[in-house]
Amino acid sequence: MAEENLLDAFWAVARALRGRSRNMLAPLGISPWQSRALGELDRHGPMRLGILSERLRIAARSATEVVDGLEALGLVVRQPDPQDRRATVVSLTSEGKQRRKDIRSAQLAEAEHYFGVLSPEEQACLAQSLRKLHAGGNSSEA
Numbered sequence: 040m041a042e043e044n045l046l047d048a049f050w051a052v053a054r055a056l057r058g059r060s061r062n063m064l065a066p067l068g069i070s071p072w073q074s075r076a077l078g079e080l081d082r083h084g085p086m087r088l089g090i091l092s093e094r095l096r097i098a099a100r101s102a103t104e105v106v107d108g109l110e111a112l113g114l115v116v117r118q119p120d121p122q123d124r125r126a127t128v129v130s131l132t133s134e135g136k137q138r139r140k141d142i143r144s145a146q147l148a149e150a151e152h153y154f155g156v157l158s159p160e161e162q163a164c165l166a167q168s169l170r171k172l173h174a175g176g177n178s179s180e181a
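Remember, our numbering sits 39 above the position in the sequence shown when you count from 1.
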């Protein structure tokens, strides 16, 4: 019973965070998948579409749609891969880098508000517990 309550509480928080994230991103004109793609490109630099789809854990076709949307917004650009001219590399534009910063600032403000009901000690304990769970979890999902 305790395990079931912990699991229920975890998923309730996960659902709430997903909903808050969607609501936070909507005024910025970005979907959650697009936000994740911008984050991956910001952290890891230009990459082939196939690598991006692996990092996002989505089908290549879905990654293409995400990148198409970001390209239409002027946030990413496709260029020939210098190692293989048949392939393309996706990279952030200067506007994409700025949008990523704006998103990150909004995410941090939202997290501060959401987790603000916890004391600093409770926040530190939660962060430590989540890192421990992530490190001990299935490596294919890490």
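Where a beta carbon is used, it is the ideal one built from N, C-alpha and C, also for glycine.
Looking at the DSSP output, P119 bridges to T127.
The bridge partners DSSP lists for R87 are V128.
When DSSP states are grouped into helix, strand and coil, V156 belongs to the coil group. Between S70 and I142, the C-beta spacing is not below 9 Å. Judged by beta-carbon spacing, A145 lies beyond the 9 Å limit of M86, meaning their Cβ atoms are not closer than that value. The segment 105-117 makes no contact with the segment 164-171: fewer than 3 CB pairs, one atom from each, lie closer than 8 Å.
Looking at A51, L67, A48 and R61, the one whose alpha-carbon comes closest to that of Q137 is L67. Contact between V115 and V129 holds, with the beta-carbon distance rounding to 5 Å and staying under 8 Å. Between the segment 81-96 and the segment 147-160 there are fewer than three inter-stretch CB-CB distances shorter than 8 Å, so the stretches are not counted as touching. G176 sits in coil when the DSSP states are folded into three classes, being neither helix nor strand. Note on geometry: alpha-carbon atoms of R125 and R117 lie some 12 Å from one another. A check of alpha carbon separations from S92 across G84, D81 and V105 identifies V105 as the nearest. Annotation: L131 to G155 spans about 32 Å, alpha carbon to alpha carbon.
The beta carbon of R139 sits closer than 6 Å to the beta carbons of L77 and D81 from its chain, once the five residues preceding and following it are set aside; these are given in chain order. G108: member of the alpha helix (DSSP H) spanning A99 to A111, first to last residue.
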